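*Asks:* This is the structure, below, for whatever I ask next.
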Amino acid sequence: ADSVKIGFVSTFSGPTAVIGNDMRNSFELALDHLGRKIDGKPVEVIYEDDQQKPDVGKQKTEKLVQSDKVDFIVGYIWSNVLLASLKTAVDSKTFLISANAGPSQLAGELCSPYVFSTSWQNDQTPQAVGTYMNQKGVKSVFLIGPNYAAGKDMLAGVKSTFKGQVVGEEYTVWPSQLDFSAELTKAKNSKAESIFVFYPGAAGVQFLNQYAQAGIKQQIPLYTAFTIDELSLPLQKDNALGVPGAQQWVNDLPNEENKKFVADYRKKYPGLRPTFYGAQSYDAANLINSAVVAVKGDLTKKDAMKAEMEKVNFKSVRGPFKYGNNHIPIQNFYLQDVVKDAEGQLSLKTVATIVKDDQDRFHDKCPMK
Amino acid sequence: MYLVVEQLLNGLQFGLLLFLLAAGLTLVFGIMDFVNLAHGSLYMMGAYFAATFVAWTGSFVLGALMALGATLLLGIVLEYVALRHLYGRDHLDQVLATFGLILFFNDAVRLIWGPAGLALPLPAWLTVPVQIIPGVYYPAYRLMIIVVALAVAAMLYLVVMRTRIGMLIRAGASNREMIGALGINIKLLFTLVFGLGAALAGLAGLMQAPILTVQIGMGENILILAFVIIVIGGIGSIRGAFMAAIFVGIIDTMGRAFLPDLLRKVLSGAAASTAAPALSSMLIYLLMAIILVLRPEGLFPAAKR
Amino acid sequence: MAETKMTETLLAVDGIETCYGLSQVLFGLSLKIKSGEMVALMGRNGMGKTTTIRSIMGLTPARSGAIRFAGEAVRGLPSYKIAKLGIGLVPEGRQIFPNLTVRENLVAASGNRFSASDPWTIDKIHALFPRLAERTNNMGVTLSGGEQQMLAIGRALMTNPKLLILDEATEGLAPLIRDEIWSCLSMLKERGQSVLVIDKNVGNLARIADRHYIIERGRTVWSGTSEELIAEPDLQHKYLGI
Amino acid sequence: MPDPLLRVDNLVRRFGGITATDNLSMEVVPGELHAIIGPNGAGKTTLISQLTGQVMPNSGTIRFAGRDVTNLPSYKRSRLGLARSFQITSLLKDFSAIDNVALAAQAHDGHSFRFWGSARKERHLREAARAALERVGLGTRADIVVSQLSHGEQRELELAVALATRPQLLLLDEPMAGLGVTESTRMVALLKELRKEVTIVLVEHDMEAVFALADRITVLVYGRVIACDVPDAIRKHDEVKRAYLGEQHAVTRHG
Amino acid sequence: MRKLNVSNAVAALMCAALMLLPLYSAVTGNIFILTLFTRIVIFALAAASLNLIMGYGGMMSFGHAAYLGIGGYAVGILAAEGIGSGFIQWPVALAVSALFALLIGALSLRTRGVYFIMITLAFAQMAYYIASALSRYGGDDGLTVYKRSDFAGLINLSDRNQFYYLCLACLFGGLYLIWRIVNSRFGLVVQGVRSNEQRMQAIGFHANRYRLVCFVISGTICGLAGALLANNTDFVSPAVMYWTRSGDLMVMVILGGMGSLFGPVIGAIVYLLLEELLSQFTEYSGLILGPVLLLIVLFARGGIMGLLGRMRRG
Ligand SMILES: Nc1ncnc2c1ncn2[C@@H]1O[C@H](COP(=O)(O)OP(=O)(O)OP(=O)(O)O)[C@@H](O)[C@H]1O
Ligand SMILES: Nc1ncnc2c1ncn2[C@@H]1O[C@H](COP(=O)(O)OP(=O)(O)OP(=O)(O)O)[C@@H](O)[C@H]1O
Ligand SMILES: [Mg+2]
Ligand SMILES: [Mg+2]
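Protein chains in written order, with the working numbering: chain A, -7 to 361; chain B, 16 to 320; chain C, 20 to 261; chain D, 2 to 256; chain E, 32 to 345.
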């Protein structure tokens, strides 16, 4: 082939299009940084909208594989969309790089030589939060999360590392619950020392609003995973100030690649800030680049490309990481906090490293050794 | 005990929140008999308008008023251009047409305001918790929602059930041809009522924006809830919608608050922890199904057509 | 009202043609009503009587021809404008509002648009139909057939129209009430009310109506006064089957 | 007198504060044409609806052909041979006239859980339907969709549908209403013929027809039977004159 | 059916095109179009089943996607438990769908009109939440079907063409069945009940019994579509049961033309194709698709089939 074809499946319509857009922006930026060429060949990217529906995502993946005959497929925000699409990619031996979704199956029994992740396994982030709460000496926690797979994974993740007492655990209706006052009242009355929540996207905005308005913010501190990011922060505003979370990437990580990524992103997309979704997509582009360069553009050498990717032979914006046997990163997790930055705007800041070289707990189940 | 009272209060205020949502729909669907799926879109537009105008003017009240006017106007335009041709038609035609409007509005909003959503912060005077009885604080803004919802309920009831206009709307909904033959300009009347329904949707949107979110698609799940309320209450009955909203609000809140503990007492730990969330997720639907099986025309059936 | 001269034309229908979709029902039908006159429309089932009235009211607009009411060309106007000019309709099949109470049915569209000196009020309707007074807070849908018919008549009267149109208004009424309606109509006529009436009771019509039109397949085939009608039994036999 | 075909005992039906049927008892014997008259709102339609099962009584019993049918749903009563026409026309508006009638015939021709053959091609159903239409004078209008029939034609169709169920007892709720003079005359003639085949209960405000047809007349006022007798006696009945007939019909005589 | 008018011509053309599609795909090497149409055909079958109760029976089910899920889960769960034979999976899928329809129908048919819409929605949502709680089978992450149904070598579902023709055969079979039903005694009764229930009761039909049977037939056909969909996607998840999916099915039916045999098929093709094509051109497909739907309602009574039906007369 005289060009490198990449399919990019993400959500570009509906309320969560904002995530898809950020992923695409970052991916485009990465291509810019690569001179829009990989190993001298032009890059062609085909973006497909999965509408956040598994069967649509699967169909788009099939289109990319069968009709566009792409060499790589990147993207996937949602676990269920990824799981629905996985078989198509694997059966056709097309490399698939998950730039966000990290269901446990992917790390365990469904791991595949052709599948890599530039994000994490779902449980890793809340595990880091749990660890951090131990470090802070928190004695008890009240857990609140949405009632769907990721929500349950998140709460399970915290519980697996948190050593204090879990005094309560509430699941709310996903995605339609509007009002969290019942749960907040329970949390307040549970006498727990802290509250942990996982509410991605709009629900996170909503939860923080109600948490602050109910006056609980002054009483019980909140710990979060995937609830505050650069997309939700402009809507959460002061409600998010001082609410900690954990992440494998924060915009102010002090490595050179990251500085360049963040600065150029803000230059290219005025008014926007990159997010961890973007960082993962940016890394995905560079991962692809490293593989293609290693085989000198001969995209038929799948084994060689796989071997090269396993080596992580590129500079990630999150700093150095390794791949586990299951192609999930072994990486650091950082504590992030919301502060007012130099420009007086709210932004996320790295406070500390919570865990170093963390590996997911499902890699044993992966048949690849 | 204290906890129960507080949860009851939560339930009550959630119920009133739901009524605010359902109010405009009661008017347009319950009384005018027009299935307007785009009600959720008007709700969304209300919130977006409010967020925009509040940011422009810097005043919450002024921005909210402008947003109300804007949704009223939008509703009237929508009715005038398209929807008025669908009154006599099958409900399902209305479903398809207004479904199209949902698609349109979602993408229009994304085009105009971007996919990220907007923030509608509260003015400081509405953020302070108010002491309602000694020792019990309540968010000021939630009190305001309660007041507005009650006012809307009263206004709707008076207008629809106690005035000539209300009679004409109800008459027009059951037999447009005949009301016209009695010398009433039902088209104009319906346009205005539809506009009012839109404004109520907008009102719900802008009132809820500060505690919920301003997001694309924010109206869709809420729309279902509003339909649930109206159906449980009995289509066409404002009193029914009001009671149903409070009923659902309380049951849902109490269910979420106490069901898990209750189940834990009955079932084993593992079974309870999977059953409880599933059950409380279904609660509203379960409630509706039970009510409709027992009372196929809702709790307060309006007179049969 | 009593002063209105019988010479003035209130309604003039001139050669109208009306279709339901593709099937034409009226073929150049004409008729005329003067102020204060009571005119009857006769014809067998399905000949187009109701369609004539629907065309006048703009409910099924006529495709061609002319309709003038109270000096205005009304063909093509929306029905509410025509009604506002002063036509009160008791439609075929009652068509009361099922989801309104009896009282609401009466007052919803009521009014005294032409400031009649002695307008119809709810009390007068109750006096005319005591049965309605007993049912005043019942929903329209729960009324018996005859009660609904009374309600439909009362509703039309409450608009205090210049021209009252009755399409089979005595259908389903008990004989006593029916007699009541006929005497009410004579009384109205005395007061100068113009009336267009469709009914199958030719005897009563001949007694109180001034003129008659017979419709056959969408055309007026005969018109004349009551005396002429009675004088020509052939006519009744040929067109009405008596 | 033979055993009654229909026997109603102490029937009561209330609507809120209104007692539409007030402790009503009556009998219909086989072969008679039994008219029910009474002022508007007297409860005639409500009675018919209770007999055929659209409305359930609060108390009392209804026996039909020796069987207690008080609690049977309407479709089962229809199978036993009770048929009615509706005062306020109730037809399948988007079906053709003949389909309306053929369905009625089908209902009484074995079960309808037949999923395969085309029902419109079943000759005997179509022919039965056509015959019923001819009888009421709608033979030429068979293929017209009901909503396009005139009011009077729909009234005639009501009867055809009831006939097609081949009932033992036919309950007619104002079959004359909405018919023109010609059609009324034709209807009277038809009923005269029908009464030879089937027992009929006739609710009607057209007194000429009632007195011309009825064997017995029951008079209802406010849900109660105030008289039940042969036509001549009813005509002279003072209370009936006062409550219902007025003077005109009391004096005029027919045939 | 013999009348040669525009709508029949279009329907015939459409069937022919669907039959020849694999040929086209083979000649042009465009595999994807086959994949795309396999999905469309499956949804067309689901929409056709909905049309049976909605268009002919007057029962507006807003929970029809539940059967897609139930059929799918029957296949998925059996596969996960090691039972790969289609001879077991498919009958189970149909039986479970029928049973569910029987249960839901018996309860829902007490209500009418919008109440019916909402109660069917309620049951479908409950099915959705129950499936989401099945953590053994993936919860709401869904369940991967590793191996398609095995028909003992009679037909290979993993072969694109064979699978497509199987789906098409199911669609045509379903349509033929519906056509026969609609014109049968049973079908006339069901349509009569839609038109005037009181009248049908009065002439001797137990309305709800007919409705219920119709509801079950429809649910079963939709369950078949669900089994096909699970094989096509190699995956089932609660998302197929979410109310928006039921809404999509309704839209397909109304768009194509309720109460016309081929309406839902046209509806499914137009709706899904438009969605796919528009998404190639623009990210704001709703700005076009939305008004198109509105215009179709405003100017084409009875959906696309209604429009075609009137074309002759101009
Ligand atoms: N909505 C309609 N669509 C099509 N044809 C119709 C419609 N309404 C009436 N017709 C036809 O028009 C003709 C005239 O009907 P119309 O109702 O005017 O008759 P009519 O003289 O009032 O009869 P009746 O005494 O039975 O009420 C009839 O042949 C009827 O079949
Ligand atoms: N569903 C109902 N709810 C309340 N009242 C009802 C209902 N049905 C009937 N009624 C009342 O019961 C009384 C009897 O009604 P019914 O229809 O039996 O009278 P009818 O004798 O048939 O009169 P008509 O001669 O006018 O047809 C009426 O006063 C009516 O208002
Ligand atoms: Mg007529
Ligand atoms: Mg009656």
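Every residue, glycine too, gets a C-beta built ideally from N, C-alpha and C.
Here the structure is a predicted model, which is why all the values come from computation and not from measurement.
1) What does a CB cutoff of less than 7 Å around residue 73 (chain E) pick up in its chain, not counting 5 residues either side in sequence?
2) Does any residue of chain C bring its CB to less than 8 Å from the CB of residue 94 (chain B)?
3) Excluding the 5 residues flanking residue 251 (chain D) on each side, which residues of the same chain have their C-beta closer than 7 Å to its C-beta?
4) On the DSSP bridge assignment, give the partners of residue 42 (chain C) in chain order.
5) Does the Cβ of residue 63 (chain B) have 16 or more other Cβ atoms within 10 Å, making it buried, or fewer, making it exposed?
6) So, at 6 Å on beta carbons, what are the nonlocal neighbours of residue 32 (chain E) in its own chain, with the 5 sequence-adjacent residues on each side left out?
7) Provide the residue(s) that pair with residue 19 (chain D) in DSSP beta bridges, ordered along the chain.
8) Can you pull the DSSP bridge partners for residue 328 (chain A)?
9) Is the number of C-beta pairs between the stretch 280 to 295 of chain A and the stretch 42 to 52 of chain A that are closer than 8 Å three or more?
10) Please list, in chain order, all residues with a C-beta atom less than 7 Å from at least one heavy atom of ligand 3.
11) Is the Cβ of residue 328 (chain E) closer than 8 Å to any Cβ of chain B?
12) Please confirm whether residue 74 (chain C) and residue 106 (chain C) have their CB atoms less than 8 Å apart.
13) Show which residues of chain A have a CB atom less than 9 Å away from the CB atom of residue 292 (chain E).
14) Of all Cβ atoms in chain D, is any one closer than 8 Å to the Cβ of residue 236 (chain E)?
15) Where does residue 155 (chain D) fall in DSSP's three states?
16) Please go through the same chain and pick out, in chain order, the residues whose beta-carbon is closer than 8 Å to the beta-carbon of residue 330 (chain E), but skip the five residues on each side of it.
17) Sorted by chain position, which residues of the same chain lie with C-beta nearer than 8 Å to residue 147 (chain B)'s C-beta, five sequence neighbours on each side aside?
18) With a threshold of 16 other CB atoms inside 10 Å of the CB of residue 34 (chain A), please say whether the residue is buried or exposed.
19) Checking 8 Å against the spacing of the C-beta atoms, do residue 347 (chain A) and residue 325 (chain A) come in under that value?
20) What residue from E:108, E:118, E:51 and E:57 has the CA that sits closest to residue 184 (chain E)'s CA?
21) Do residue 63 (chain E) and residue 55 (chain A) count as a contact pair if the criterion is CB distance below 8 Å?
22) Is the beta carbon of residue 9 (chain D) within less than 7 Å of some heavy atom of ligand 1?
23) Counting only runs of 3+ residues fully inside the stretch 75 to 116 of chain A, write out the beta strand (DSSP E) ranges in chain order.
24) Just curious, the beta strand (DSSP E) that residue 282 (chain A) is in, first and last residue?
25) Start and end of the alpha helix (DSSP H) containing residue 65 (chain D)?
26) How is residue 8 (chain C) classed by DSSP in three states: helix, strand or coil?
27) Any heavy atom of ligand 1 closer than 7 Å to the beta-carbon of residue 44 (chain C)?
28) Does the CB of residue 222 (chain B) have a neighbour CB from chain C at under 8 Å?
29) List the DSSP bridge partners of residue 175 (chain E).
30) In the DSSP output, which residue or residues are listed as bridge partners for residue 10 (chain D)?
31) Quick one, which of C:100, C:144, C:183 and C:225 has its alpha-carbon nearest residue 192 (chain B)'s?
32) What is the rounded straight-line gap between the Cα of residue 254 (chain D) and the Cα of residue 211 (chain D)?
33) Quick check on the DSSP output: what are the complete alpha helix (DSSP H) runs of length 4 or more inside the stretch 220 to 282 of chain E, in order along the chain?
34) If you measure beta-carbon to beta-carbon, which residues of the stretch 242 to 260 of chain B are closer than 8 Å to chain E?
35) Determine, for residue 7 (chain E), whether the minimum Cβ-Cβ distance to residues of chain D falls below 8 Å.
36) Measuring only between beta-carbons, confirm whether residue 30 (chain B) sits less than 8 Å from chain E.
*Replies:* Judging by the given coordinates:
1) Position 42 of the fifth sequence, counting from 1, holds the residue named residue 73 (chain E). So the qualifying residues of the chain are 198, 256, 259, 260 and 263.
2) The residue labelled residue 94 (chain B) in the question sits at position 79 within the second sequence. Closer than 8 Å: no.
3) Residue mapping note: residue 251 (chain D) aligns to position 250 of the fourth sequence, counting from 1. A caution first: residue 251 (chain D) carries a pLDDT of 44, below 50, which makes its placement in the model unreliable, though a value can still be read off. When the five nearest sequence neighbours on each side are left out, the beta carbons in the same chain lying within less than 7 Å of the beta carbon of residue 251 (chain D) are those of 236 and 242, in order along the chain.
4) Here residue 42 (chain C) corresponds to residue number 23 of the third sequence, with the count starting at 1. Looking at the DSSP output, residue 42 (chain C) shares a beta bridge with C:39.
5) Here residue 63 (chain B) corresponds to residue number 48 of the second sequence, with the count starting at 1. In this structure residue 63 (chain B) is buried. Its beta-carbon is surrounded by 16 or more other beta-carbon atoms within 10 angstroms.
6) Sequence index remark: in the fifth sequence, residue 32 (chain E) carries index 1 (1-based). Low local confidence applies: a pLDDT of 44 at residue 32 (chain E) is under 50, so the model's placement there is unreliable, with the coordinate-based value given in what follows. Within the same chain, and ignoring the five residues on either side of residue 32 (chain E) in sequence, no residue has its Cβ closer than 6 Å to its Cβ.
7) The count along the fourth sequence starts at 1 and reaches residue 19 (chain D) at position 18. DSSP lists D:16 as the beta-bridge partner residues of residue 19 (chain D).
8) Indexing the first sequence from 1 puts residue 328 (chain A) at position 336. Residue 328 (chain A) is bridged to A:237 and A:342.
9) Verdict: no, contact absent.
10) Ordered along the chain, the selected set is C:68, C:69, C:111, C:186, C:187, C:217, D:151, D:152 and D:153.
11) Position 297 of the fifth sequence, counted from the start, is the residue given in the question as residue 328 (chain E). Yes - at least one Cβ of chain B is within 8 Å of the one on residue 328 (chain E).
12) Here residue 74 (chain C) corresponds to residue number 55 of the third sequence, with the count starting at 1. Here residue 106 (chain C) corresponds to residue number 87 of the third sequence, with the count starting at 1. The answer is no: Cβ separation not under 8 Å.
13) Taking the fifth sequence and counting its residues from 1, the one referred to as residue 292 (chain E) is at position 261. Among the residues of chain A, none has a CB under 9 Å from the CB of residue 292 (chain E); the nearest is roughly 26 Å distant.
14) As a working mapping, residue 236 (chain E) is identified with position 205 in the fifth sequence. For residue 236 (chain E), the answer is yes, since a Cβ of chain D falls inside 8 Å of its Cβ.
15) Here the question's residue 155 (chain D) lines up with position 154 in the fourth sequence. Three-state DSSP puts residue 155 (chain D) in a helix.
16) One-based indexing of the fifth sequence puts residue 330 (chain E) at position 299. Here the set comprises 338.
17) Taking the first residue of the second sequence as 1, we reach residue 147 (chain B) at position 132. Here the set comprises 153 and 158.
18) In the first sequence, the residue the question calls residue 34 (chain A) occupies position 42. Classification of residue 34 (chain A): exposed, given that the 10 Å Cβ count is below 16.
19) Taking the first residue of the first sequence as 1, we reach residue 347 (chain A) at position 355. Taking the first residue of the first sequence as 1, we reach residue 325 (chain A) at position 333. The answer is yes: Cβ separation under 8 Å.
20) In the fifth sequence, residue 184 (chain E) corresponds to position 153, counting from 1. Of E:108, E:118, E:51 and E:57, the smallest CA-CA separation from residue 184 (chain E) is found for E:118.
21) Working through the first sequence from its first residue, we reach residue 55 (chain A) at position 63. Working through the fifth sequence from its first residue, we reach residue 63 (chain E) at position 32. Inclusion of residue 55 (chain A) and residue 63 (chain E) in the CB contact set at 8 Å is warranted, their separation being smaller than that value.
22) Your numbering for residue 9 (chain D) matches position 8 in the fourth sequence. No; taking the cut-off as 7 Å, the Cβ of residue 9 (chain D) has no heavy atom of ligand 1 nearer than that.
23) Counting only unbroken stretches of 3 or more residues, the beta strand (DSSP E) elements lying wholly within the stretch 75 to 116 of chain A are 87 to 90 and 107 to 109, in sequence order.
24) The residue given as residue 282 (chain A) occupies position 290 in the first sequence. Per DSSP, residue 282 (chain A) lies in no beta strand (DSSP E) segment; the continuous alpha helix (DSSP H) that holds it begins and ends at 268 to 286.
25) Looking up residue 65 (chain D) in the fourth sequence gives position 64. Bounds of any alpha helix (DSSP H) do not take in residue 65 (chain D); it lies within the beta strand (DSSP E) bounded by 60 to 65.
26) Since the first and last residues shown for chain C are 20 and 261, residue 8 (chain C) lies out of range.
27) Residue 44 (chain C) sits at position 25 when you count from the first residue of the third sequence. Within the cutoff, so yes.
28) Here residue 222 (chain B) is taken as the residue at index 207 of the second sequence, counted from 1. So no, residue 222 (chain B) is outside the interface.
29) By one-based count along the fifth sequence, residue 175 (chain E) stands at place 144. Partner(s): E:266.
30) Translated into positions along the fourth sequence, residue 10 (chain D) becomes position 9. Under DSSP, residue 10 (chain D) takes part in a beta bridge, and its partners are D:62.
31) As a working mapping, residue 192 (chain B) is identified with position 177 in the second sequence. Ranking the options by Cα distance to residue 192 (chain B), first place goes to C:100.
32) In the fourth sequence, the residue the question calls residue 254 (chain D) occupies position 253. In the fourth sequence, the residue the question calls residue 211 (chain D) occupies position 210. Residue placement at residue 254 (chain D) is poorly supported in this model, since its pLDDT is 35, which falls under 50; the coordinates still yield a value, given next. The straight-line gap from Cα to Cα measures roughly 12 Å.
33) Those alpha helix (DSSP H) runs which fall completely within the stretch 220 to 282 of chain E and span 4+ residues are 228 to 233 and 238 to 264.
34) Cβ contacts with chain E come from 242, 243, 246 and 250.
35) Since the first and last residues shown for chain E are 32 and 345, residue 7 (chain E) lies out of range.
36) Residue 30 (chain B) sits at position 15 when you count from the first residue of the second sequence. Answer no: the Cβ-Cβ gap between residue 30 (chain B) and chain E never drops below 8 Å.
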